[in-house]
């Protein structure tokens, strides 16, 4: 078992680890399926049927180590003159069924 001291915890850079993990476990594997990095926290693709799919990794607004995954799957061309929404889509945690019993 490894014990961490206060100095070790102070050296931990959550932003650097988050970026490295996202690149290694999300961006690289999804390239095979046509996803491309868009901005610093979004990977997206456009399917042959003009369906836009994207994953947005939203870090905690309070500077913690938590993050949320926002998911959207929508037709590229839809009637919405105001703004791009996540609908149909949602936060990944809210899309789970029976989330309290999923352990």
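Residue numbers (the working numbering): 0 to 102.
Positions of the beta carbon are idealized from the N, C-alpha and C atoms, including for glycine.
All figures in this text were calculated on a predicted structure; none of them were measured in a lab.
- Task: Give me the Cβ distance between residue 36 and residue 27, rounded to the nearest whole Å; I'm assuming they're in contact under 8 angstroms.
- Result: The beta-carbon separation of residue 36 and residue 27, rounded to 10 angstroms, does not stay under the 8 angstroms limit for a contact.
- Could you give the distance in angstroms between the alpha-carbon of residue 72 and the alpha-carbon of residue 51? 6 angstroms
- Task: Report, in whole angstroms, the separation of the C-beta atoms of residue 44 and residue 32, which I expect to be a contact under 8 angstroms.
- Result: 7 angstroms
- Return helix, strand or coil for residue 35, following the three-state DSSP convention. strand
- Which class does residue 16 belong to by DSSP, given the choice of helix, strand or coil? helix
- Where does the unbroken beta strand (DSSP E) through residue 45 begin, and where does it stop? 41–45
- Task: Let me know the secondary structure DSSP gives residue 54 once reduced to three states.
- Result: strand
- Below 8 angstroms CB to CB, which residues in the same chain sit around residue 75 once its five sequence neighbours on both sides are set aside? 45, 49, 50, 51
- Which same chain residues, not among the five before or five after residue 29, have their C-beta less than 7 angstroms away from its C-beta? 42
- Measure the alpha-carbon distance for residue 38 versus residue 14 and round it to whole angstroms. 16 angstroms
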